[in-house]
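> Pasting a structure below so you can have a look.
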Amino acid sequence: MTSETPPPETTTSLETSTPSFVCPLSYSMAGGMCFRVHATDASWPDARGICILEGGDLIILDTQQKIDAIAPHISVGLYQIGIHHIYSNGDFEFVDERNQNDVTFNAWRPLEPNSNAGQDSCGRLRHFQWEDGDCNNARKFICEIK
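Here our numbering is used: the first residue of the sequence shown is 62, the next is one more, and so on.
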């Protein structure tokens, strides 16, 4: 009579995680952030107001990872984003009130910001880089909910 040793019992545990944040219906998730690309044009102040009404603000693109995350979701063009120098003395700041100079990341296009004789105070995205422009010019815009 031969005695066979049964194989050792193994158990596998599946680790599941529930996302701690679910994006609102009209928002997309990428790179750990919820954002919405608005295809309609609005001035920078109007765009910001719409984003705030939706529970967020204009998107803050303060890392290359964030720019890379939204890149597949936008087309070529200009988009209002959350950087400006409306209230400051020429220094650009993000809509969360951080000074752009306090952030190590910089995505300004060559020769930007140029302020255009004080006319350009609001930030926008062109070809995945920042530039300053006239706040009253209507452009597409991107909102972010945190």
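Each residue gets a CB set at the ideal place from its N, CA and C atoms; glycine is no exception.
Give every residue of the same chain whose Cβ lies closer than 8 Å to the Cβ of Q126, excluding the five residues on either side of it in the sequence, and list them in chain order.
G92.
> Using the Cα positions of T77 and Y148, report the straight-line distance between them to the nearest angstrom.
Because T77 carries a pLDDT of 48, less than 50, the predicted location of this residue cannot be relied on, and the following value inherits that uncertainty. Each residue's alpha carbon lies about 46 Å from the other.
> In angstroms, rounded to a whole number, what distance separates the CA positions of W191 and Y88?
Cα to Cα, the separation comes out at about 22 Å.
> Within its chain, find whatever has a CB closer than 6 Å to the CB of W105; leave out the 5 residues flanking it on each side and keep chain order.
These residues qualify, in order along the chain: Q141, C183, C196.
> Cα separation between A103 and L186?
Looking at the two C-alpha atoms, the distance is approximately 14 Å.
> Determine the direct distance from the alpha carbon of A168 to that of I144, and round the result to whole angstroms.
Computed Cα separation, rounded: 11 Å.
> What is the DSSP secondary structure of T73, counted as helix, strand or coil?
Reliability of the predicted coordinates at T73 is poor, the pLDDT of 46 falling under 50, and the value obtained from them is presented with this limitation in mind. Note: T73 maps to coil in three-state DSSP.
> Do the CB positions of L119 and I203 come within less than 8 Å of each other?
Yes; because the gap between Cβ atoms is below 8 Å, this pair is in contact.
> Which word fits H146, buried or exposed, when buried means at least 16 other C-beta atoms lie within 10 angstroms of its C-beta?
The residue is buried, with at least 16 neighbouring Cβ atoms inside 10 Å.
> Kindly indicate the opening and closing residues of the beta strand (DSSP E) around Q190.
Taken as a continuous stretch (DSSP letters only), the beta strand (DSSP E) holding Q190 covers 190 to 195.
> According to the neighbour-count rule (16 or more other Cβ atoms, all chains shown, within 10 Å of its Cβ), is L86 buried or exposed?
That one is exposed.
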